[in-house]
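So the structure is just underneath, and the comments pick up after that.
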Amino acid sequence: MMNSYIFNHDYVLRHDQKRTYIIQRHGNNDEIRDWARLIHPVQAMILSFFSTPKPYSEVTKEIATFLDIAVEKATELITPFLENKEDVYTEYEGHKFDLPKNILIESSKNKSPVIKYSPEEFLYEETDFVSKRFYEAPLNITFMPSNSCVTDCIYCYADKDTQSGSILSIERLKELIDEAKELKIMRFSLVGGEIFTFPKWLELLTYIKKNHFFVERLSLKYPLKEEDIANLKEIGIDKVQVSLDTLIPENLEQIVRVTPKYLEEIKKTIEYFCKYGFDVTITSILVPLNCNMENMLSIYNFIKDLKGITGWSLRPAFPSIYKPASAEFIPSKKQIEDLFEAMEDIKKEKKVYVDYDKTFLERGYVEAEGGSTNFKGAECSSNRSHIFVLPDGKVTICEQLYWKPHFIVGDLTHQSIKEVWNSERAMWFYNLEEEQLNEGNPCKTCGIFKECYRNMNRCWAEVVKAYGDECWDYPDPRCKLAPEMKTNLIYK
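Numbering (this note's numbering), first residue to last: 716 to 1207.
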């Protein structure tokens, strides 16, 4: 085999003190996936030999010499990774290691910047394949450039009232992006408020793209000019999500509290996105006023023939920490189920792919036994692999908890990402003990406390929603031992 193979640099190998992760930040040769998995150090050593192009026969000899094995054995170890069309799964001493497809590819197929690795980098004195929190730095960072918005949605879960007084400068943001790249962080994402109210949004997005962070899909409610959309396309952003709850004017004004001209401006924005070849998805948040076919048809009749609309997601509103009255705007379970059933006829037309978010109907509140490993829903990444950066540089563990003082773990105006991740407050949350909990908290006397908390799958935001700020440490409301909720989160 005379071919020259190279490690697919769409992936990066990331050190984490006692282990190595293989991470996909973006993809030129494969579909985009949030791939971040532990791999065995020996696998990382093998892959390091392919970080620059070399003849295959030469590499097998180098690996055999380094590992002190026969060339035939080295070939056997490498073969499963050569342009593998499927993910590869291996096991060692009871631990499963997953590797993605197309790990080693022909040299000519690599389109990403080359990173040079050496096998000695992966000689750890101690290994850890169990703990879930990243040691060195987070896997993902989400930055909120601004908490201001052009709408005032009745269901909004964001803290738009807090005025931080200052925002991170574009110069400081570039420094943080540089650090994130150096730390091999997978995603540096943006979220609003409204991204486009940040004064230098185009410069920020351009720098993020320049540093090979993948801007997956920008979310907006902000009407843009055609020139803005052309600029986004020019820097390589071509996927957006537009929030649109109804196109019945009087209902739109009540739900998102906008002026009458907003409706035509946001429709024009969607049409411009389609004109410039964007992949556009529409998201509709359901409240009692629009949770019916009349309102959904007003949207469908507008988007069904637009080329570029690739999906339409319907999600029921949920209680907001920052709008106590939002509980009044939660549709009933029957309203939601009746609408989803009625929407089946639209789905059958296949003009627009329609997706229903039923997860909030199936959260399993006050049902789970055996701790957080058995909670329904996606795993929580807060303080395990993710941090949320507020406009003024304050860092919180969750994107729904904003400036809640209890959850602030650092400040990026004067700390590095690495310092914040390993700050005293961040580690306090991770190492929380029973004696640090408030009196009256059922978790304080639970026999599986350590296992449940170390799994880090409790939703801090839902705890605060259900029980209030003072009961931040209470059980996740999905737990069977959770007390009665002060604010009901169950769709009835």
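Beta carbons: idealized from backbone N, C-alpha and C, even for Gly. From a predicted model like this one, the values you see are computed outputs, not experimental measurements.
task = On a CA-only basis, which of H724, S904, K925 and E773 is nearest I1102? Give me that one, please.
result = Nearest option by C-alpha distance: S904.
ask   = Regarding N1146 and the ligand GTP, is the C-beta to nearest heavy atom distance less than 7 Å?
value = With respect to the ligand GTP, the structure offers nothing, as it holds no ligand at all.
key: N743 burial status per 10 Å Cβ neighbour count (16 or more: buried)   = Since pLDDT at N743 reaches only 47, below the 50 mark, its modelled position is unreliable, and the value read off the structure follows with that caveat. When all chains shown are included, N743 counts as exposed.
Residue from I856, A852, Y726 and E808 with nearest C-alpha to L930 = Strictly speaking, residue 930 in this sequence is Val, with Leu absent from that position. The option with the nearest alpha carbon to V930 is I856.
task = Report all residues from its chain with a CB closer than 8 Å to the CB of Y1206; omit the five preceding and five following residues, and keep chain order.
result = Closer than 8 Å at the Cβ level, and outside the excluded window around Y1206, lie P1031, I1045, P1046, S1047, K1048, I1051, F1075 and L1076.
task = Can you grab the Cα-Cα spacing for the pair F837 / A945, in whole Å?
result = In this structure, the CA atom of F837 is about 45 Å from the CA atom of A945.
ask   = Is it the case that the Cβ atoms of K982 and Y850 are separated by a distance below 8 Å?
value = Y850 is positioned such that its CB atom lies no closer than 8 Å to that of K982.
task = Consult DSSP for I1163 and reduce its assignment to one of helix, strand or coil.
result = Taken through DSSP and simplified to helix, strand or coil, I1163 comes out as coil.
task = Out of Y1037, L753, L1204 and T1160, point me to the one whose CA is closest to D867's CA.
result = The shortest C-alpha to C-alpha distance from D867 to any of Y1037, L753, L1204 and T1160 is the one to Y1037.
key: Top-ranked residue by Cα proximity to I869, from A1181, K954, F1033 and L1204   = The candidate whose alpha carbon is nearest that of I869 is F1033.
request  = Report yes if the CB atom of L933 is closer than 8 Å to the CB atom of I950, and no otherwise.
outcome  = Result no, Cβ atoms of L933 and I950 do not sit closer than 8 Å.
key: Contacts around F812, its chain only, beta-carbon distance under 6 Å, and the 5 residues preceding and following it disregarded   = Here the set comprises I754, H755 and T805.
ask   = Taking the alpha-carbon positions, what's the Q878 to T1111 distance?
value = Here the C-alpha atom of Q878 lies approximately 16 Å from the C-alpha atom of T1111.
task = Ignoring anything shorter than 3 residues or poking outside the stretch 1113-1176, list the beta strand (DSSP E) runs there in chain order.
result = Within the stretch 1113-1176, the beta strand (DSSP E) runs of at least 3 residues that lie entirely inside it are, in chain order, 1123-1126.
query = Do you know how far the Cα of S1096 is from the Cα of R887?
reply = The alpha-carbon separation between R887 and S1096 amounts to approximately 25 Å.
request  = Let me know the secondary structure DSSP gives E798 once reduced to three states.
outcome  = The answer is coil: DSSP assigns E798 none of H, G, I, E or B.
query = If you draw a straight line from the alpha carbon of W1143 to that of R1173, how long is it in whole angstroms?
reply = In this structure, the CA atom of W1143 is about 16 Å from the CA atom of R1173.
Minimum C-alpha distance to L1204 - residue among K948, N817, D1072 and V1081 = Put simply, of K948, N817, D1072 and V1081 the residue whose alpha carbon is nearest the alpha carbon of L1204 is V1081.
ask   = What's the gap between the Cα of R752 and the Cα of V973?
value = R752 and V973: Cα-Cα distance of roughly 44 Å.
message = Assuming the contact rule is C-beta atoms closer than 8 Å, S846 and P770 should be a hit. Round their C-beta distance to whole Å, please.
response = Not quite, the Cβ-Cβ distance comes to about 40 Å (not below 8 Å), so this is no contact.
task = Identify the continuous alpha helix (DSSP H) that holds K948 and give its terminal residues.
result = Per DSSP, the unbroken alpha helix (DSSP H) holding K948 starts and ends at E941 to E949.
request  = Determine the direct distance from the alpha carbon of L1105 to that of I721, and round the result to whole angstroms.
outcome  = Computed Cα separation, rounded: 39 Å.
ask   = Which residues bound the alpha helix (DSSP H) around R887?
value = Element bounds for R887: I885 to E897.
key: Supposed contact pair M1011 and L967 - C-beta distance, whole angstroms, cut 8 Å   = L967 to M1011, Cβ: 13 Å. No contact.
Local conformation of P1039 per DSSP, three classes = Helix.
ask   = Can you tell which of H810, N1156, L819 and E787 has its C-alpha closest to the C-alpha of D802?
value = Of the listed residues, the one whose Cα sits closest to D802 is L819.
message = If contact is defined by three or more beta carbon pairs under 8 Å, each pair taking one atom from either stretch, is the stretch 1125-1136 in contact with the stretch 1164-1173?
response = No, because fewer than three Cβ pairs between the stretch 1164-1173 and the stretch 1125-1136 fall closer than 8 Å, the two stretches do not touch.
key: Per-residue DSSP class, three states only, for C1194   = C1194 falls in the strand class under three-state DSSP.
query = So what does DSSP say about K916, is it helix, strand or coil?
reply = The sequence given here places Trp at residue 916; Lys does not occur at that position. Helix, per DSSP.
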